[in-house]
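Visitor: Let me begin by handing over the structure; questions about it come next.
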Amino acid sequence: MSSHPITITRTIYDPALKNFVFDSPEEKVMPNVRKWIEKENPVIYWYILRVDNPSELLFDQWAVELYTHQALSITDAYIDGIDRRFEMRKRERDPWSDKYVLSIPRQLGIPIVGKGIRRIFFKVDINCREGLMHEYGISGKFIAEGIEAIDIREKMFRYSCKVGEFRQIFDNNPDETSIYAEKRLSARYSSNSIQVFTNSFRMIHELYKYCHSGDIVKDDLFYKLNSLYSNFEKIPEIADKRINPLLNDGIKVLTILEEGNMSEFKSRYLRLCDSLVEQLHIEVVGTDLKANEASSPAQDLSPKRNTESMKEDSKSDNGQLRCPVCKNLIDSSNRSLLCGKCGAHFCQICESWSREERERGERPLCKKCFSAEQEKLREQMGEEEDKEKENSGTSEAEEIENFTEEAIQHFEKGLAFYKLGRYEEAIIAYEKALEIDHKHIDSWNNKGIALYCLGRYEEALQAYDQSLKIDSKSICAWNNKGITLYDLGRYEEAIIAYDHSLEIDSKSTYAWSNKGNALNKLGRYEEAIKACDTAISIDSKCDNAWNGKGIALKKLGALRHFIWVV
């Protein structure tokens, strides 16, 4: 199994800080992440991964394993551009930690394309209030077929506010959630608006139960959605921005869906219910966070006085030391550490320094000093990047993305349609992306794949040729062209395409095994066996190569037997 230059960037979104927790200025390689979170849910913790694939290879089957303390739970995953929630599979790793798994098989059609990226967002919650104000880490592995597993470095962060209880209360008792909401919204809205808003809780709860029931009738569902929409129309100050657009889209889609596909109805409108509860959560808990922020800024956990006054203030009434960050007593089980820069006391749990890069024997830094060091580092790196840009003449946007955000949206929309088997719509989306950026190679490649799935082989070849005009070393395009030529019965041309691919990457099992199949079709069995053997030497689990070799040996054996008989 070969190694691969895939890079993994990871961070945490902290709703108390309303910002990301960075070891370094990683935000510069994560554009539009904040925009996505603000749209989805900015009042919960998110663990975010960005997977960069600088090679030409397509990874159509991949997975992420995450490891964390049992006090935390990672409930759901979302993939940028894919309108679907993925439930995380939980397994116990050891008595203190759990493993969570996100698996993406090729049947879902969510590949990591060559020269492409994938952003994955994981919801993080805490299982008990006693775990608040402690520091936790999330590490893991990225796994893809054909390459070695890639370690995801541990990301440390402090879990400082409990925001995940809203959904649990809502599911168990919507009336209790209404009381919870009234207390937190009273400072922002009139009592009448709050009453209308909380009335919707039971309506959404009933809609959720109905979508879970055995039979769904389109007219009944339409009535329930319209009733809910009419209720929210009375409070535009709360619902116009997020909630009503969701309901409006749901009603529009319902008018064009054909009755009879029960699973489609269920999955679509259960997702709508989930989205509505998310929006209620954002409105209610978001207000609560703002109130907390106004009274006690969560983002400034470090002391602001000088070291001497800090030492006095960090003592409890009986003379024992208290940590200035979490206010817990510092005892033998929670021994005191001193900041290596300012000398302030803080408990071992609240120590905050760069574990990965500190030299052996270096003293830890308190939050304030560590943040100051990080800010200096950011400024230095920013200055270096500015100099590089001046020398190269390349803008930051061009370095991060080689095509516009609008083109990305159309391209990822195409991937979503492809995943659903709606190839015509996928082609339209790729063409819209190409109208914006005619040289976007992934759109040409994926358009070719969609055309191939529709049996439009000649058009698929034209798309691959366009891709190769942009980059003659695109392994994906050469391989896909070879497969299409093979299906057209043009085996000699297919072999030429595979040879081009092998000139670029001589260890491509796809190209070697596919070349073997084409050689079999031409009756060149000795050459086919050599090609398949090469693929097997690279990857002993390559089924396509073993099958091709078996066919060649069978044909060759029959031929030799025939010659012997004659």
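Counting in my numbering, the sequence shown tops out at residue 929, every number present. We treat Cβ as the ideally placed atom computed from N, Cα and C, and that holds for glycine.
For Q829, count neighbouring Cβ atoms within 10 angstroms of its own Cβ and tell me buried if that reaches 16, exposed if not.
Guide: As a working note, residue 829 is residue 466 in the sequence shown. Q829 comes out buried.
Visitor: DSSP state of R887, grouped into three classes?
Guide: Numbered from 1 along the sequence shown, position 524 holds the residue referred to as residue 887. Coil at R887, not helix or strand.
Visitor: Can you tell me whether DSSP reads E389 as helix, strand or coil?
Guide: Sequence index remark: in the sequence shown, residue 389 carries index 26 (1-based). For E389, the predicted model reports a pLDDT of 45, less than 50, meaning its position is unreliable; a value from the coordinates is still stated below. Reduced to three states, the DSSP call for E389 is helix.
Visitor: Near G911, what residues of its chain come up, given a Cβ to Cβ distance below 7 Å and the 5 sequence neighbours on each side ignored?
Guide: The sequence position of residue 911 within the sequence shown is 548, counting from 1. Answer for G911: S876, G879, N880, N883, A891 and C895, listed in chain order.
Visitor: Going by DSSP, what residue range makes up the alpha helix (DSSP H) through F595?
Guide: Numbered from its first residue, the sequence shown carries residue 595 at position 232. It spans K581 to E596 - the alpha helix (DSSP H) in which F595 sits, taken as one unbroken run.
Visitor: Any idea if N575 is buried or exposed, counting beta-carbon neighbours within 10 angstroms, 16 or more meaning buried?
Guide: By 1-based counting over the sequence shown, the position of residue 575 is 212. In the sequence under discussion, the amino acid at residue 575 is His, which differs from the Asn named in the question. So H575 counts as exposed.
Visitor: Indicate the three-state DSSP secondary structure (helix, strand or coil) for H803 in the structure shown.
Guide: As a position in the sequence shown, residue 803 is number 440, starting the count at 1. It is coil, neither helix nor strand.
Visitor: Would you grab the beta carbon distance between I445 and I473 for me? Rounded to a whole angstrom, and I think it's under 8 Å.
Guide: Residue numbering aside, residue 445 sits at position 82 when the sequence shown is read from its first letter. Residue numbering aside, residue 473 sits at position 110 when the sequence shown is read from its first letter. So it is a contact: roughly 6 Å between Cβ atoms.
Visitor: Below 7 Å CB to CB, which residues in the same chain sit around S563 once its five sequence neighbours on both sides are set aside?
Guide: Taking the sequence shown and counting its residues from 1, one reaches residue 563 at position 200. If we look at S563 and ignore the five residues flanking it on each side, its Cβ neighbours are L591, N594 and F595.
Visitor: With a threshold of 7 Å on Cβ separation, who are the neighbours of D423 within its own chain once the five nearest residues in sequence on each side are excluded?
Guide: The residue given as residue 423 occupies position 60 in the sequence shown. Around D423: R469 and P474.
Visitor: Do the CB positions of A544 and T561 come within less than 7 Å of each other?
Guide: Here residue 544 corresponds to residue number 181 of the sequence shown, with the count starting at 1. Here residue 561 corresponds to residue number 198 of the sequence shown, with the count starting at 1. Yes, Cβ-Cβ distance for A544 and T561 is below 7 Å.
Visitor: Indicate the three-state DSSP secondary structure (helix, strand or coil) for Y376 in the structure shown.
Guide: Looking up residue 376 in the sequence shown gives position 13. Strand at Y376.
Visitor: By the 10 Å Cβ neighbour count, where 16 or more other Cβ atoms means buried, how is E769 classified, buried or exposed?
Guide: By one-based count along the sequence shown, residue 769 stands at place 406. Exposed: under 16 other Cβ atoms inside 10 Å.
Visitor: Please work out which residues of its chain come closer than 7 Å, Cβ to Cβ, to D663, disregarding the five sequence neighbours upstream and downstream, and give them in chain order.
Guide: As a working mapping, residue 663 is identified with position 300 in the sequence shown. Any reading at D663 is ruled out, since the residue's pLDDT is 35, under 50, leaving its predicted position unreliable.
Visitor: With a threshold of 6 Å on Cβ separation, who are the neighbours of P537 within its own chain once the five nearest residues in sequence on each side are excluded?
Guide: Along the sequence shown, one-based indexing puts residue 537 at 174. Correct list, in chain order: F564, R565 and H568.
Visitor: Smallest Cα separation from I956: which of G852, F485 and I513?
Guide: Because the chain is modelled from 364 through 929, residue 956 falls outside the range shown and cannot be assessed.
Visitor: Between H801 and K832, what straight-line distance do the alpha-carbon atoms span, to the nearest angstrom?
Guide: Locating residue 801 in the sequence shown gives position 438, counting from the first residue. Locating residue 832 in the sequence shown gives position 469, counting from the first residue. If I take the Cα positions, the gap works out to 11 Å.
Visitor: Which residues does DSSP pair with I411 in a beta bridge?
Guide: Here residue 411 refers to the residue found at position 48 of the sequence shown. Answer is T374 and F484, bridged to I411.
Visitor: Can you name the start and end residues of the beta strand (DSSP E) that Y441 belongs to?
Guide: Numbered from its first residue, the sequence shown carries residue 441 at position 78. Taken as a continuous stretch (DSSP letters only), the beta strand (DSSP E) holding Y441 covers L435 to I442.
Visitor: Check the DSSP bridge columns for V384 and list the partner residues they point to.
Guide: On the sequence shown, residue 384 is found 21 positions in, with the first residue counted as 1. The partner list for V384 (beta bridge, DSSP) reads I375.
Visitor: Tell me whether G911 sits in a helix, a strand or coil according to DSSP, three-state version.
Guide: Counting from one through the sequence shown, the residue named residue 911 turns up at place 548. G911 falls in the helix class under three-state DSSP.
Visitor: Could you pull out every residue in the same chain whose Cβ sits closer than 6 Å to the Cβ of Y861, ignoring the five residues on either side in sequence?
Guide: Translated into the one-based positions of the sequence shown, residue 861 becomes position 498. G845, A874, N877 and K878.
Visitor: Throw me the rounded Cβ distance for the S502 and Y408 pair, which I believe falls under 8 Å.
Guide: Here residue 502 corresponds to residue number 139 of the sequence shown, with the count starting at 1. Here residue 408 corresponds to residue number 45 of the sequence shown, with the count starting at 1. Actually they do not touch by this definition, with Cβ atoms about 16 Å apart.
Visitor: Under three-state DSSP, which class holds M451?
Guide: On the sequence shown, residue 451 is found 88 positions in, with the first residue counted as 1. Three-state result, M451: coil.
Visitor: Take the Cβ of P378 as the centre, count every other Cβ of all protein chains shown within 10 Å, and call the residue buried at 16 or more, exposed below.
Guide: Counting from one through the sequence shown, the residue named residue 378 turns up at place 15. Classification of P378: buried, given that the 10 Å Cβ count is 16 or more.
Visitor: In the DSSP assignment, the alpha helix (DSSP H) including G852 goes from what residue to what residue?
Guide: As a position in the sequence shown, residue 852 is number 489, starting the count at 1. Premise fails: G852 is in no alpha helix (DSSP H) and is neither H nor E.
Visitor: Spatial neighbours of V464 within its chain, please: CB distance less than 6 Å, with the 5 preceding and 5 following residues excluded, ordered by chain position.
Guide: Looking up residue 464 in the sequence shown gives position 101. Hits under 6 Å: E428 and R452.
Visitor: Look up S900 in the DSSP assignment and say whether it is helix, strand or coil.
Guide: Walking along the sequence shown from the start, residue 900 turns up at place 537. Residue state, collapsed to three classes: helix.
Visitor: With DSSP run on the structure shown, which of helix, strand or coil describes K518?
Guide: Mapped onto the sequence shown, residue 518 falls at position 155. Residue state, collapsed to three classes: strand.
Visitor: Is DSSP giving L919 helix, strand or coil here?
Guide: In the sequence shown, the residue the question calls residue 919 occupies position 556. DSSP places L919 in helix when its eight states are reduced to three.
Visitor: Rounded to the nearest angstrom, what separates I579 and R634 at their Cα positions?
Guide: Here residue 579 corresponds to residue number 216 of the sequence shown, with the count starting at 1. Here residue 634 corresponds to residue number 271 of the sequence shown, with the count starting at 1. Each residue's alpha carbon lies about 15 Å from the other.
Visitor: By Cβ distance, which residues of its chain are closer than 7 Å to T438, with the 5 residues on each side in sequence left out?
Guide: Reading the sequence shown from its first residue, position 75 is the one you call residue 438. The answer, listed in chain order, is M451, K486 and D488.
Visitor: For Y793, count the other beta carbons within 10 Å of its own beta carbon; 16 or more makes it buried, fewer makes it exposed. Which is it?
Guide: The residue labelled residue 793 in the question sits at position 430 within the sequence shown. Classification for Y793: buried.
Visitor: Below 8 Å on the Cβ atoms is my guess for Y781 versus N808; work out the distance and round it to an integer in Å.
Guide: Here the question's residue 781 lines up with position 418 in the sequence shown. Here the question's residue 808 lines up with position 445 in the sequence shown. With 8 Å as the limit, Y781 and N808 do not qualify as a contact, their Cβ atoms being about 12 Å apart.
Visitor: Considering only residues of the same chain and omitting the five flanking positions on each side of A826, which have a CB-CB separation below 7 Å?
Guide: Position 463 of the sequence shown, counted from the first residue, corresponds to residue 826. W807, K810, G811 and L814, listed in sequence order.
Visitor: May I ask you to report which of helix, strand or coil DSSP gives A894?
Guide: The residue given as residue 894 occupies position 531 in the sequence shown. Helix at A894.
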